[in-house]
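*Asks:* Here the protein sequences line up with chains A, B and C, keeping their order. Once you know that position 287 of the first sequence is 382 in our numbering, the rest is easy, because the numbers rise by one and skip nothing. Once you know that position 10 of the second sequence is 155 in our numbering, the rest is easy, because the numbers rise by one and skip nothing. Once you know that position 132 of the third sequence is 180 in our numbering, the rest is easy, because the numbers rise by one and skip nothing. Sending over a structure as structure tokens; questions will come in a sec.
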Amino acid sequence: MIAAGPDSFLERAPLALRDWAVQLLPVPLQWLAHHVITIVAVLAVFGLFFAFTTIAERKLLARLQNRLGPNRTGLPWIKGLRLFGLSQPFADAVKAITKEDIVPAAADKILHFLAPVIVVGFSLMTFAVLPFGRQYLPVDLDAALLYFFAAGAATELAIFMAGWSSRNKYSLLAAMRALAQLISYELPLILSVVPVVLVTSTLSTKAIVIAQGTWSFGLLPHWFIFTPWGFAGFIIFLIAALAESNRSPFDLPEAESELVAGHLTEYSGFKYALFFMAEYFGLTALSGLGVTLFLGGWQAPCAFLQFIPSYAWFMMKLIGMIVFFIWVRGTLLRLRIDQLTRLSWQFLVPLALLNLGNAAFWVLTAQWAGPLQLVRWIVSAAIIVVPFILMGRSLTAGFAPRTYRYAP
Amino acid sequence: MTIALLLIAGLMLGSATAAMAGRNLIHSALLLIASWAGVAAIYLWAGAEFVAFAQVLVYVGAISMVVLFAVLLTRQNQIADQLIAPPTRLRAAAAVTTGSCVAAVLAAAICSSSFAPGAAEPPSTTVRQIGLELMRQDGAALLIVGIILTVALLGATILAATDPKVGPGSSRAGEDVP
Amino acid sequence: MLGSGILNGLLVTAKNFVGSYYDPRRMVTVEYPEQKTALPENYRNFPFLISESATDPMGTLRCVACQICEKECPPQCIIIEKSKDKKPDATGKLQLYPAVFGIDTSVCMSCQICVEVCPFDAIKMDQVFEVAATDRFQDLFLSREQLAKPNSYFHQIHPTDAAEVDGRLSAERKAAEEKAKAAAAAKAAAAAAKPAGAPPPVSSPAAAVKPPGPAPSTPGAPAA
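Dropping the structure here:
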């Protein structure tokens, strides 16, 4: 159900621009130009998004920690101009490019070079199936979700390659730990997505966003996060997404107090920057997927707000999720490797499986109406909340609540 | 389209050959993974997207991890390449004989089977159709496979819950399989 | 409930974030070259010499080149050469002065022993720390001209110390003046009594034990 407003000028302007550019070229080249323009646009937008995510993260983390972030970089040819640090990412890029690229003498040169290339390449490939707007889906695949996870699976291989090719036993050990973390959290990630597939009975991201496009009374959106199984699924997805992109509190692989920089120890200069770029791209792609599956994608929250273009809504929700991830990074402590694998296998996987049953219940009781709707909501919430509380109690049994003698 | 097929096949066979001929175990493992990715490319060329993504997810994402963990955890701390005995004429003769016998059998099998001429356009099946077919024709098999995988997953969870000695080296269990 | 700690933590950091925009307790950064923190009064870096007047720093140094600080300095970073002539100090008494007084700040460890042993309150600790130089040897060796700073500056950086020193010095000077007056009065009385055949004039014990007079300057004197 697509309401009026989607044909506004702003909504269609980028598409019209691309079509105008394409029809300037001869017919045999037009499909190539079409796709090249799409790819370049996605790369440019998300490249800039990555740059501003780094500066936003530094400033946001700083404010969360009672300090200012970088606020002095301006433009190199204008003296005394301080753009509140907004050109910091470009300064960092210049620094990363001009640093010396040191490759250990005993390292496996080909693998050492290929690892950052593969990890960035596959992270970027996952952007192809995210619907950024009403008609802004780069590739419309029937099995889009499967493609997303397949492309993400190859990045784990690259991390192993990075750790092994450095010929450094500490890098290798850290790469194994990173792999263990990634493998452990693939399962809750995919299991938390399966209820969405169950409810919408499609793997296509476009159809999933369209399925969330209705409003109750024009005000309350029917996004999946506002259902009990969707809320639980979203929380599990958030935790698994944090772990999949090696981000605090799961940043054991790249913490400096752990095995130096883990599998990245022997990387310097631009290759190091590429790994971090891949991490941020992975995080953005997973956030985009979370927005698509649970937060309604490009749908507006209220029916009358549809005059704002759909890609603006997607970007706003994406920025909201990234801000939440940065907030979590500034708040939580790092988990040890045994703590995080235990969290995944003993807590998240059973809850995700229960959530799957919850979604099945939801689908089977879709016909309940009237007061039975209330029963449906209560039972669905109970299916996931009660085991959560019970498991929480049993897994933390024997640990007294922490008391802090000196903290206020 | 033949050029694409030739390219993909060339890359796949080339990486498989390099994997067999290589001395370094890890290089061979990674080239084998590259040939699995080539298989996924062939599926894509043939229009079977679902199978291609499943191939990448299962083989490149999961089975490669199993192979690499197995190789790494059983190394005897050697960084040197595998020692291969020097080539002798007897070994070369044995290799040629075995290779040509296998090739002859395969060629005979391929030439004697009759392939019906395919449609001009590959049939486009949606995921929905695949799902319905699986559930209708092979529903029992799917359920059994699902049960086996769930049991394996539960077993892994119980192992993780009870045995404190099982560390991050445990192999994957319970992966999405079509 | 599991997760309540995490939610409380998120609330704490959110308070930090919001408060950092208006609450000074939640934004502790001092943007250094433009803003500076207030140094505590007892902060010290390298020594400096006190002169009484700012208009004639070399001529009014309190230092009399007794070389006690040179001998007591643990890393021996003070170099003093006495002058050949004497100059009147603040009380009018003729004193030596340092022709060369140098401190090698690349050696000085700011232990303040030179300040503690100086009997004349001539050397005190300065608070300047922005002393980066481009030459490792010449630029870090401070000479007499670079070290001499007026007493008003001392009041600025160490107000309580300066007040105490000035008070003590002026009290001593007053006591000395009283003694001198008493000695002069006694001498005058003895001289007046001499023609009457009184006992021989006794040289005033006060004059013999008169302590070496520090420069007589009253606190807040026009030495600024």
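Don't be surprised by glycine CBs; every beta carbon is placed ideally from N, CA and C.
#1: From A:Gly328, A:Met220, A:Gln183, pick the residue whose C-alpha is nearest to that of A:Leu293; which is it?
#2: A:Ala223: which of A:Val423, A:Asp235, A:Tyr406 sits nearest, CA to CA?
#3: Going straight from the alpha carbon of A:Pro482 to that of B:Ala185, what length do you get?
#4: Kindly indicate if chain A contains any beta-carbon less than 8 Å away from that of B:Phe198.
#5: Name the two residues that bound the continuous alpha helix (DSSP H) containing B:Leu150.
#6: Are the region 124-134 of chain C and the region 52-72 of chain C touching, with three or more C-beta to C-beta distances below 8 Å?
#7: When you compare each of A:Pro404, A:Leu438, A:Ala461, A:Gln462 to A:Glu106 by their alpha carbons, which one comes out closest?
#8: Per the contact definition of three or more C-beta pairs closer than 8 Å, is the region 108-123 of chain A in contact with the region 362-380 of chain A?
#9: For A:Leu435, decide whether its Cβ has a neighbour in chain C, counting only Cβ atoms nearer than 8 Å.
#10: So, helix, strand or coil for C:Asp209, using DSSP?
#11: Quick one: residues in its chain with C-beta nearer than 6 Å to the C-beta of A:Ala335, no 5 flanking neighbours on either side, listed in chain order?
#12: Residues of chain C with CB under 7 Å from A:Thr498, in chain order?
#13: Verify the CB distance criterion: does C:Asn61 have a CB-CB separation below 8 Å to chain A?
#14: Name the residue from A:Leu268, A:Leu298, A:Pro290, A:Arg229 whose alpha carbon lies nearest to the alpha carbon of A:Thr360.
#15: Give the straight-line distance between the Cα atoms of A:Ile134 and B:Ile153, rounded to the nearest whole angstrom.
#16: Using 10 angstroms around the beta-carbon of C:Val179, count the other beta-carbons present and answer buried if the total reaches 16, otherwise exposed.
#17: As a quick exercise: from A:Phe376, A:Val355, A:Thr322, pick the residue whose alpha carbon is nearest that of A:Leu337.
#18: Tell me which residues share the same chain as C:Phe168 and place their Cβ nearer than 7 Å to its Cβ, disregarding the 5 neighbours each side in the sequence.
#19: When you compare the CB of A:Asn450 with every CB in chain C, is at least one pair closer than 8 Å?
#20: Using only alpha-carbon positions, find the residue among A:Asp102, A:Trp318, A:Ala248 that is nearest to A:Met220.
#21: When burial is assigned at 16 or more other CB atoms within 10 Å of the CB, is A:Val291 buried or exposed?
#22: Can you tell me where the beta strand (DSSP E) with C:Val148 in it begins and where it stops?
#23: Please return the same chain residues whose Cβ sits closer than 6 Å to the Cβ of C:Ser251, not counting the five positions on each side in sequence.
#24: Quick check on A:Trp408: buried or exposed, where buried means 16 or more other Cβ atoms within 10 Å of its Cβ?
#25: My output table needs one value for A:Pro496: the three-state DSSP class, helix, strand or coil.
#26: Strictly under 8 Å for the Cβ-Cβ distance: is B:Ala154 near chain A by that measure?
#27: When you compare the CB positions of A:His358 and A:Ala257, do they come within less than 8 Å of one another, or not?
#28: Quick check on the DSSP output: the beta strand (DSSP E) that includes C:Ser99 runs from which residue to which?
#29: Answer with yes or no whether the minimum CB distance from A:Ile205 to chain C is below 8 Å.
#30: Indicate whether at least one CB of chain A lies closer than 8 Å to the CB of B:Ala306.
#31: With distances taken Cα to Cα, identify the nearest neighbour of A:Ala157 among C:Glu120, C:Arg74, C:Thr108, C:Ala138.
#32: Looking at the secondary structure, which residues open and close the alpha helix (DSSP H) in which A:Pro165 lies?
#33: Here's the rule I'm using: 16 or more other beta-carbon atoms within 10 Å means buried, otherwise exposed. How should A:His130 be labelled?
#34: What is the C-beta distance between C:Ala196 and C:Ser99, in whole angstroms, given that I count them as a contact (C-beta under 8 Å)?
#35: Measuring only between beta-carbons, confirm whether A:Asp114 sits less than 8 Å from chain B.
#36: Which residue from C:Asp137, C:Ile161, C:Ala147, C:Pro105 puts its Cα closest to that of C:Phe94?
*Replies:* From the atom records:
#1: A:Gly328
#2: A:Asp235
#3: 40 Å
#4: yes
#5: 147-166
#6: no
#7: The residue with the shortest Cα to Cα distance from A:Glu106 is A:Pro404.
#8: No, the region 362-380 of chain A does not touch the region 108-123 of chain A.
#9: no
#10: helix
#11: Tyr280, Pro283, Leu284
#12: Those do not exist, as A:Thr498 stays about 12 Å from chain C at its closest Cβ, beyond 7 Å.
#13: The sequence given here has Thr at residue 61 of chain C, not Asn. Against chain A, the CB of C:Thr61 has a partner CB under 8 Å away; the residue lies at that interface.
#14: Checked all of A:Leu268, A:Leu298, A:Pro290, A:Arg229; the closest Cα to A:Thr360 is A:Leu268.
#15: 23 Å
#16: exposed
#17: Among A:Phe376, A:Val355, A:Thr322, the Cα nearest to that of A:Leu337 belongs to A:Phe376.
#18: Counting only Cβ-Cβ distances below 7 Å, and skipping sequence neighbours, we find Arg110, Cys111, Val112, Pro262.
#19: Cβ-Cβ to chain C under 8 Å: no for A:Asn450.
#20: A:Ala248
#21: buried
#22: 146-152
#23: Annotation note: pLDDT 48 at C:Ser251 (below 50); position unreliable, coordinate value reported separately. There are no such residues.
#24: buried
#25: coil
#26: no
#27: yes
#28: 95-99
#29: no
#30: yes
#31: Of the residues C:Glu120, C:Arg74, C:Thr108, C:Ala138, the one whose Cα lies closest to the Cα of A:Ala157 is C:Arg74.
#32: Careful: A:Pro165 lies outside any alpha helix (DSSP H) and carries neither H nor E.
#33: The residue in question, A:His130, is exposed, as its Cβ has fewer than 16 Cβ neighbours within 10 Å.
#34: 5 Å
#35: no
#36: Measuring from the Cα of C:Phe94, the nearest candidate turns out to be C:Ile161.
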